[in-house]
Amino acid sequence: MGCDNCSGTGKLLIAAPLTSDLEAMANWLVKLGITTVVMESTGVYWIPAFEILESHGLDVKLVNARHVKNVSGRKSDVLDCQWLLQLHTYGLLEGAFRPDEQVCSLRAYMRQRENLVRCRASHIQHMQKALRQMNLLLDNVVTDITGKTGMTIIRSILTGQRDPKELARHRDKRCQKSEEEIAKSLKGHYRAEHLFALQQAAELYDTYGEKILACDAALEKQLEKFDSKVEPASSDDPGPDQPAKKRKSRSAPSFDVRSQLNRVSGVDLTKIDGIDENTALKILSEIGLDMCRWPSAKHFASWLGLCPGTNISGGKVLNRKTKRIPNAAATAFRMAAFTLMNSKSALGAYCRRMRSKMGSPKAITATAHKLARLVYSMLKHGSAYVDKGQDYYEREHKDRVMKNLKKKAEDMGFMLVPAESVANS
Numbered sequence: 036m037g038c039d040n041c042s043g044t045g046k047l048l049i050a051a052p053l054t055s056d057l058e059a060m061a062n063w064l065v066k067l068g069i070t071t072v073v074m075e076s077t078g079v080y081w082i083p084a085f086e087i088l089e090s091h092g093l094d095v096k097l098v099n100a101r102h103v104k105n106v107s108g109r110k111s112d113v114l115d116c117q118w119l120l121q122l123h124t125y126g127l128l129e130g131a132f133r134p135d136e137q138v139c140s141l142r143a144y145m146r147q148r149e150n151l152v153r154c155r156a157s158h159i160q161h162m163q164k165a166l167r168q169m170n171l172l173l174d175n176v177v178t179d180i181t182g183k184t185g186m187t188i189i190r191s192i193l194t195g196q197r198d199p200k201e202l203a204r205h206r207d208k209r210c211q212k213s214e215e216e217i218a219k220s221l222k223g224h225y226r227a228e229h230l231f232a233l234q235q236a237a238e239l240y241d242t243y244g245e246k247i248l249a250c251d252a253a254l255e256k257q258l259e260k261f262d263s264k265v266e267p268a269s270s271d272d273p274g275p276d277q278p279a280k281k282r283k284s285r286s287a288p289s290f291d292v293r294s295q296l297n298r299v300s301g302v303d304l305t306k307i308d309g310i311d312e313n314t315a316l317k318i319l320s321e322i323g324l325d326m327c328r329w330p331s332a333k334h335f336a337s338w339l340g341l342c343p344g345t346n347i348s349g350g351k352v353l354n355r356k357t358k359r360i361p362n363a364a365a366t367a368f369r370m371a372a373f374t375l376m377n378s379k380s381a382l383g384a385y386c387r388r389m390r391s392k393m394g395s396p397k398a399i400t401a402t403a404h405k406l407a408r409l410v411y412s413m414l415k416h417g418s419a420y421v422d423k424g425q426d427y428y429e430r431e432h433k434d435r436v437m438k439n440l441k442k443k444a445e446d447m448g449f450m451l452v453p454a455e456s457v458a459n460s
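Okay, structure coming up:
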């Protein structure tokens, strides 16, 4: 990094190094016989340096700045580079997780797609605002204004149609509201400036939709580069031993994600309740396919930040809060756990029991922790997930509670007898 003083103004300009400078630095390090390089994560500036150094055969470790600062013994007059050198010499630094090149590319495409979906969502809000300003209460009669009925009506308005009855005729047969109800909500006060805002929002919505489709094509092409672990199978035919096909999310990619993920991972993560195609793709793009990076499922859950805290002093638990880690995979697990609140599966029953004990936020984290362990086991051992149902989980929970109660009663000199046996005697 270079810095220049701006002609006495007191401002400091930070200039990123040129690619030629990074190439020269990498060649110089190789010439000196350097084999390992340690660097801190600084925004996105570390990425080109990391990639260029790695391409020259160097073992590059990206370390967490918080971990480096928490090591005792550092003086205030020591430069960061000297402190990193000292810690690395003693073997006290551990590189951050970074998947292989194929997964990194997949992750970049996936994150770009999420940015596009987020930007498109903002233009849905702009369309909603323009409709409200004209008192066109389209959201009162359709669940989603970007659905088939909603977008057909909006495009008809933009072409010049103003008659509510004519607009209501675009109602899809699956819409719950009648044409009369829709027509009443589409009688509005049309103004040129609001129509202009609606037109621009709709055009931007369509533009981002096209970009998302292009991103989906790039995602599919990248997935095809992965080696196959099993023969690809169509998700349209789940088979006799497979569960029914889950409803595909509207935000999911346009191609057959399930069959591609089954081919590259060897397991079907969508069998797990709460994890759909989009969530499974998001998780795999963040953690990769090699679970050997984590020795056990506990290490994996700890890396995700889904484990309880270990703030214990003198045998007394002071705090059990989970670590605040900005992990995209952990966010995906939490979103999957949130969808299990009303599920009739064993995971849904577990989530509701945790909610009754600890509240919704902690219950979501606990369920996300269980989902993470299931995904780890499936990817590492190639095992399949079978949901035994809500009733099975409730019976197992009841048996555990009864066993503990009987043990406590025996310790206190009592015997636990079912009420039915006492009534019959």
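Just so you know, we're using our numbering here: the sequence shown kicks off at 36 and counts up by one. Cβ atoms here follow ideal geometry from the backbone N, Cα and C, with glycine treated the same way.
Beta-carbon separation (whole angstroms), residue i vs residue j, contact threshold 8 Å
i    : j    : result
L339 : Q257 : Their Cβ separation, rounded to whole angstroms, is 24 Å, which puts L339 and Q257 out of contact at 8 Å.
A61  : L97  : At roughly 16 Å, the Cβ-Cβ gap does not stay under 8 Å, so A61 and L97 are not in contact.
L248 : S289 : 6 Å
L151 : V73  : In fact, because the Cβ distance is near 35 Å, the residues do not count as touching under 8 Å.
Y80  : A51  : 6 Å
Residue i (DSSP reduced to helix, strand or coil)
i    : result
N297 : helix
S286 : coil
M36  : Bear in mind that the predicted position of M36 carries a pLDDT of just 40, short of 50, making it too unreliable to give a figure here.
S191 : helix
I217 : helix
M389 : helix
E245 : helix
M162 : helix
M74  : strand
V113 : coil
V265 : coil
V106 : coil
P199 : helix
Q257 : helix
Q211 : coil
V138 : helix
I399 : helix
E129 : coil
M169 : coil
D426 : helix
H205 : coil
D174 : helix
I310 : coil
D56  : helix
A51  : coil
T124 : helix
V410 : helix
Sequence-distant residues of the same chain with beta carbon closer than 7 Å to residue i, five excluded per side
i    : result
R206 : T184, E214, I217
D308 : L375, S378, S380, L382, G383, D422
G301 : K264, V265, G417
A165 : H229, A232, L233, A236
D276 : For D276, the predicted structure reports a pLDDT of 48, less than 50, and the residue's modelled location is therefore unreliable. The matter cannot be settled from this model.
D174 : Q163, I180
C250 : Y144, Q147, R148, L151
N170 : G223, H224
S284 : D311, N313
Same chain, Cβ closer than 6 Å to residue i, neighbours up to 5 away in sequence not counted
i    : result
L193 : Q234
R369 : I399, A403
D198 : none
C342 : A336
I322 : A364
I318 : A364, A367
A12  : A question about residue 12 goes unanswered here, because the residues of the chain that appear run from 36 up to 460.
N297 : D303
Own chain residues within Cβ distance below 8 Å of residue i, not counting five before or after
i    : result
A444 : M450, L451
M389 : K397, A398, A401, T402
A419 : V302, D303, K306, M413
G344 : N354, R355, K356, T357, K358
R435 : none
D94  : T70, T71, V72
M326 : F335, Y411, L414, K415
Bridge partners - residue i, DSSP secondary structure assignment
i    : result
K443 : None; K443 has no bridge partner.
V452 : None, per the DSSP bridge assignment.
L239 : The partner list for L239 (beta bridge, DSSP) is empty, contrary to what the question assumes.
L97  : M74
What are the uninterrupted segments assigned as beta strand (DSSP E) that are 3 or more residues long and contained completely in the region 315–360, given in chain order? 346–348, 351–354
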